[in-house]
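Q:
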Amino acid sequence: MRVVTTAFLLLGFAGPARGLTDYDAEVRQLEEAVAAIQPAKDLDPASGARWVHLRYRRATLTGSLAELEAVRIDIDEILRRQGGPVDLFRLRAQLMFKFHRLKDVEADLARAGDPRDVALRADLDFQYGRLDDARRGYEDAVRRDQTWDNLARLAFYRAKTGDPDGADRLYAAAEDQLSAKEMRSFAWLELQRGLLDLGRGRHEEAAAHYERAGRAYSGYWLMDEYNAELLAATGKFDAAVALYESVLKSTPRPETEQALGDLYAYMGRAEQAKPWHDKALAAYLASARRGEVHYYHHLVGYYADVLEDGPEAVKWARKDLELRPNPATREALAWALYREGRFDEALALVIQALASGVSDAHLTYHAAMIHLAAGRVEQGKQLLARTAALNPRYNSFHVHH
Amino acid sequence: MTRRHLTACRPLILICSLAMLGGLSPTGDSWAADHNDPNAINSIFADIPPSAADLYDMFGFPSEDKTGGEKVVLALTFASVPKTGVFDSDLLYKIRIYATPRVDNPFAAEPSLGALLEYADEVAKKYLTLQSSEIRVRVGADGRAKVSLINFPGGSFTNFVDTNQVVTIDTPDGHKIKAYIGGRDDAFFNDLPGFFRSINYAPQFYNVPLAMDGARELKIPKTLIELEGNTLFNFDPSRPKHGQGVKLDLPKGPLSWTGNAYKKDDKGNFRFVYSGVDAQAGRNINAVVVELPLAYITRAPETDRIVNAWGESWVKKASHKAPTIPDRRANPLDRVEKLLAAPEFEEEMAAYKLVDTDGQPFADAALNEREDDRQLGANNVLLARHFVTRLAHLGWGFGPSIRALGLRSAFEDDGAPVSVHRTYVFATPAFPRVAKLIWQELNMPDDSWNTSGKKIPLRRPFEIFVPNVNAIDMDTNGSWPFGRRLEDQVATRFLSLFLDHTASVNGKRYHIELLGDQSLWDGVKIEPKTPPNPLKNDKEFLKDFPYLAEPW
Chain A
2 MRVVTTAFLL
12 LGFAGPARGL
22 TDYDAEVRQL
32 EEAVAAIQPA
42 KDLDPASGAR
52 WVHLRYRRAT
62 LTGSLAELEA
72 VRIDIDEILR
82 RQGGPVDLFR
92 LRAQLMFKFH
102 RLKDVEADLA
112 RAGDPRDVAL
122 RADLDFQYGR
132 LDDARRGYED
142 AVRRDQTWDN
152 LARLAFYRAK
162 TGDPDGADRL
172 YAAAEDQLSA
182 KEMRSFAWLE
192 LQRGLLDLGR
202 GRHEEAAAHY
212 ERAGRAYSGY
222 WLMDEYNAEL
232 LAATGKFDAA
242 VALYESVLKS
252 TPRPETEQAL
262 GDLYAYMGRA
272 EQAKPWHDKA
282 LAAYLASARR
292 GEVHYYHHLV
302 GYYADVLEDG
312 PEAVKWARKD
322 LELRPNPATR
332 EALAWALYRE
342 GRFDEALALV
352 IQALASGVSD
362 AHLTYHAAMI
372 HLAAGRVEQG
382 KQLLARTAAL
392 NPRYNSFHVH
402 H
Chain B
246 MTRRHLTACR
256 PLILICSLAM
266 LGGLSPTGDS
276 WAADHNDPNA
286 INSIFADIPP
296 SAADLYDMFG
306 FPSEDKTGGE
316 KVVLALTFAS
326 VPKTGVFDSD
336 LLYKIRIYAT
346 PRVDNPFAAE
356 PSLGALLEYA
366 DEVAKKYLTL
376 QSSEIRVRVG
386 ADGRAKVSLI
396 NFPGGSFTNF
406 VDTNQVVTID
416 TPDGHKIKAY
426 IGGRDDAFFN
436 DLPGFFRSIN
446 YAPQFYNVPL
456 AMDGARELKI
466 PKTLIELEGN
476 TLFNFDPSRP
486 KHGQGVKLDL
496 PKGPLSWTGN
506 AYKKDDKGNF
516 RFVYSGVDAQ
526 AGRNINAVVV
536 ELPLAYITRA
546 PETDRIVNAW
556 GESWVKKASH
566 KAPTIPDRRA
576 NPLDRVEKLL
586 AAPEFEEEMA
596 AYKLVDTDGQ
606 PFADAALNER
616 EDDRQLGANN
626 VLLARHFVTR
636 LAHLGWGFGP
646 SIRALGLRSA
656 FEDDGAPVSV
666 HRTYVFATPA
676 FPRVAKLIWQ
686 ELNMPDDSWN
696 TSGKKIPLRR
706 PFEIFVPNVN
716 AIDMDTNGSW
726 PFGRRLEDQV
736 ATRFLSLFLD
746 HTASVNGKRY
756 HIELLGDQSL
766 WDGVKIEPKT
776 PPNPLKNDKE
786 FLKDFPYLAE
796 PW
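Structural data, given as structure tokens:
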């Protein structure tokens, strides 16, 4: 989808003004562009579409789910009044991915009616656990148009299905598609390559990728989050805490609050962990009370691992699995059942997850624990060995991505 | 160890990060004169704004200043981004040059598809061994331009010059080169909306995102006069600016035409798709303008009378802004050139990606359909077959509309009473339709172009567009198609390709300026009664270097 490839260039983002980071400069540029357009109700269709697109970009850049929700409401309004251009259906589909509303994604892609939305449909297949269909879709998208984003999607698929070397090559190929006008995309790809290394215990290599990402696009909170995790993984806990706190000042998101709570807990500072955990949980639950579903998986993890509350974890895991029946949600339910002591049910589910082709140290570690608990000692040992092979440093601090 | 369950988040972050890049941006309103723009940076699309990589025009003509020997003027113009006179330091511009003797008749006498393809093969072979010279320009954040002259007979060297002023570069072998790198008035004057109306090009009139590549040239016949019932593109008095800055959402429903006649008003007048209004008036561009001695370009200026030139824009790779990986390039012809290039200059290019090329005006909009994979620059010989099928497609549209105006078309359309939308997959059935068009000599309006009085054959369409270079004949004044002078109305001249140049009107052979003749339109039942495009630029050109007018 070339529009994505080039759309950054499009912004005419020419780099930061003096004294601003790349991120700050881009946010400012978007804010000026948004401000230059009148509120949607007064807009002609083209300006209305542009207005919501700009705000969507700002929201995704700043990580603001509240603004994304506002954008969704405004898109709905424009579509209700004007029928709307195809682009808005596609935009809403992307937005609904953020909110885990896969049925809505399907509906909007159908309304957009563009058979060339191959990559987005493959994303949908991936979320629904139709991994073979997803792979075919990603490969088809790359065949049709070898853009950086299509390559990155295929790379992500390879990373999830146990081919980190192939994934890294694809990420590198994606980088080669990018120009100097797309440095944020380049930085993002470097983060993914670093994350691949981190997931294999290659901390030094991960650091090199993160460092390059920072040089490519400065001041991005997402990089700071990744760096904080790496710092913690390498035992630099105080620096990691400081970086998490810094991120939270600029971009207060509950998942980051939980990460900081987790880090304190890992450091053995339960009292310092508690307020961050409490804040995170309160935000997750508030979201769920509003009828949102995108924090279900966070709630599963929180109840399973922070509170070790099996029944609550199972409750949220079942809701999430119902929405997104994929290996990850299946594994999450298995882990929740394990926490509840229902080992046989957990075993059946985690075997399904293992059979899907998904392969990472997190899955194999959980699978090992479940097998051991279910009395399958030999298989459990084998899975632990596999975990160590996949990531020799699995025991270091990590946020499970 | 902490264990968190964000597994499902990663694809969403991916999607969100990708989606960040995918939104609409402010619609650009800067159009390229040559239409030779990879769609990726083509500002006409709803989601793509102007880009500094968007090349507009490649002008070239012999200088009237013969002091110290013959000289050629080359001017590459492009979008004035970030602003007029200020350059994007991530961009690199090239003017590539090679000089050759004039070939009297590159074609066989009788038109045939085989002869045409043989010609294309010969051109391709030439490119395989070609080592062009090059003027390479990059402008730093300090506003100083780094200018390298590479692979000229006198060698290669680099100079730093100020921008936005005329400078003289002294070459190591004693030549003087004038250069101007800066902002100017856009030298292109043209009714671009009219052109896009003639080919039913939706992105000019409607918000068409780049991804909707099926909604560009709609399946409506090309035409010079409006089609009855073509509500998508016909002039609407209630929305006079539609297509001239105002874009609407693309309507739902069939994006096609089912009529069978040209539109006429109650007085029996056709409606011209063109307005004659200069859509580029008041616009600026950035430019690289040079004046080079012919003896600097070639060691045989007496025999190398044709200076072939084309422009390229390159953008720095992300990976070289934050260094990582080597380049991989696809075009085998480029690889041959890489082997021949001076190492330090070759090394520099590993950090850049080719974005746009510019040789002949209208080569890509009209003949290549602006497709990214057809942005081959001079090396466009692979497209020979495509040119035949594309011209046949264009002929089915424009041919009947030319006849309806009382003129003779060079296209063979079996006397179709109205424009037809027809496409071809194979060149063999298309070729008989366009053989005359491709083979015909294009008459010039008078003899002023031939300043030397030498016997110079008139040019024919195919040799003009393949290869896609501006081939400047130093024995002429460089008026298109013997180069391209600033004052040439190339859009109107391009339309003359479809005329039968063996026909006469008022006792004079058809010629490339015929459609620019007001008296012709005065005698046609059409509104508005105007040549399709403006006859002159909105600002007077300068008589001296850099010739392009001051910016607005």
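Chains as they are written, first to last, in the numbering used here: chain A, 2 to 402; chain B, 246 to 797. Here a beta-carbon is modelled for each residue, glycine too, at the ideal position from N, C-alpha and C. If you're wondering where the values come from, they're calculated on a predicted model, not measured in any experiment.
1. Please name the residue in A:266, A:156, A:34 whose C-alpha comes closest to that of residue 142 of chain A.
2. Is DSSP giving residue 407 of chain B helix, strand or coil here?
3. Under 8 angstroms, Cβ to Cβ, is there at least one residue of chain A near residue 384 of chain B?
4. Return helix, strand or coil for residue 758 of chain B, following the three-state DSSP convention.
5. When you compare only the Cα positions, how much space is there between residue 179 of chain A and residue 701 of chain B?
6. Let me check understanding here. Comparing Cα to Cα, which of B:678, B:657, B:727 lies closest to residue 686 of chain B?
7. May I ask which residues mark the beginning and end of the beta strand (DSSP E) holding residue 559 of chain B?
8. Report back the beta-carbon spacing between residue 176 of chain A and residue 190 of chain A to the nearest angstrom; my notes put them in contact at under 8 angstroms.
9. Which parts of the stretch 270 to 333 of chain A are runs of the alpha helix (DSSP H), unbroken and 4 residues or longer, counting only runs that do not cross its ends?
10. In angstroms with no decimal places, state the Cα-to-Cα distance between residue 851 of chain B and residue 550 of chain B.
11. Out of B:708, B:538, B:760, state which residue places its alpha-carbon closest to the alpha-carbon of residue 366 of chain B.
12. Quick one: what does DSSP say residue 515 of chain B is sitting in, helix, strand or coil?
13. Compare the Cα-Cα distances from residue 341 of chain A to each of A:192, A:272, A:353, A:375 and report the closest residue.
14. Look at the Cβ atom of residue 760 of chain B, then the Cβ atom of residue 777 of chain B, and state whether they are nearer than 8 angstroms.
15. With the cut-off set at 8 angstroms, would you say residue 790 of chain B and residue 411 of chain B are in Cβ contact?
16. Would you call the stretch 513 to 522 of chain B and the stretch 770 to 786 of chain B touching, i.e. three or more CB-CB distances under 8 angstroms?
17. Can you find the residues in the same chain that come closer than 8 angstroms, C-beta to C-beta, to residue 665 of chain B, ignoring five residues on each side of it along the sequence?
18. Is residue 503 of chain B buried or exposed, if buried means 16 or more other CB atoms sit within 10 Å of its CB?
19. Look at the Cβ atom of residue 216 of chain A, then the Cβ atom of residue 563 of chain B, and state whether they are nearer than 8 angstroms.
20. Since residue 122 of chain A is in the beta strand (DSSP E), which residue starts that stretch and which ends it?
21. Could you tell me the alpha carbon to alpha carbon distance between residue 288 of chain A and residue 259 of chain A, rounded to whole angstroms?
22. I'd like to know whether the C-beta of residue 213 of chain A is nearer than 8 angstroms to at least one C-beta of chain B.
23. Hey, is residue 560 of chain B's beta-carbon within less than 8 angstroms of any beta-carbon in chain A?
24. Roughly how many angstroms separate the alpha carbons of residue 384 of chain A and residue 279 of chain A, rounded to a whole number?
25. Distance cutoff 8 angstroms, beta carbons only. Does residue 377 of chain B sit that close to anything in chain A?
26. With residue 538 of chain B as the anchor, note down where its beta strand (DSSP E) starts and where it stops.
27. For a quick check, are the C-beta atoms of residue 755 of chain B and residue 649 of chain B less than 8 angstroms apart?
28. Assuming residue 304 of chain B is part of the beta strand (DSSP E), what are its boundary residues?
29. Hey, does residue 216 of chain A have any beta-carbon neighbour from chain B nearer than 8 angstroms?
30. Comparing the C-beta of residue 183 of chain A with each C-beta of chain B, is any distance below 8 angstroms?
31. What are the residues in the stretch 593 to 610 of chain B lying within 7 angstroms of chain A by C-beta distance?
32. Thinking residue 481 of chain B and residue 451 of chain B are a contact (beta carbons under 8 angstroms), I'd like their distance in whole angstroms, please.
33. State yes or no: is the beta carbon of residue 325 of chain B nearer than 8 angstroms to at least one beta carbon in chain A?
34. On the CB-based measure, 16 or more other CB atoms within 10 Å of its CB, does residue 355 of chain B come out buried or exposed?
35. Between B:634, B:554, B:661, which lies nearest to residue 304 of chain B when the distance is taken from Cα to Cα?
36. Does residue 25 of chain A get closer than 8 angstroms to chain B when you measure Cβ to Cβ?
A: Per the coordinate set shown:
1. A:156
2. strand
3. no
4. coil
5. 47 angstroms
6. B:727
7. 551 to 561
8. 5 angstroms
9. 271 to 290, 297 to 302, 311 to 324
10. Residue 851 of chain B cannot be examined here, being either before or after the span of chain B that is shown, 246 to 797.
11. B:708
12. strand
13. A:375
14. yes
15. yes
16. yes
17. 466, 641, 642, 645, 658
18. exposed
19. no
20. Premise fails: residue 122 of chain A lies in the alpha helix (DSSP H), 119 to 128, not in any beta strand (DSSP E).
21. 15 angstroms
22. yes
23. yes
24. 33 angstroms
25. no
26. 529 to 538
27. no
28. 300 to 307
29. yes
30. yes
31. 598
32. Contact flag wrong, Cβ pair sits at about 13 angstroms.
33. no
34. exposed
35. B:554
36. no
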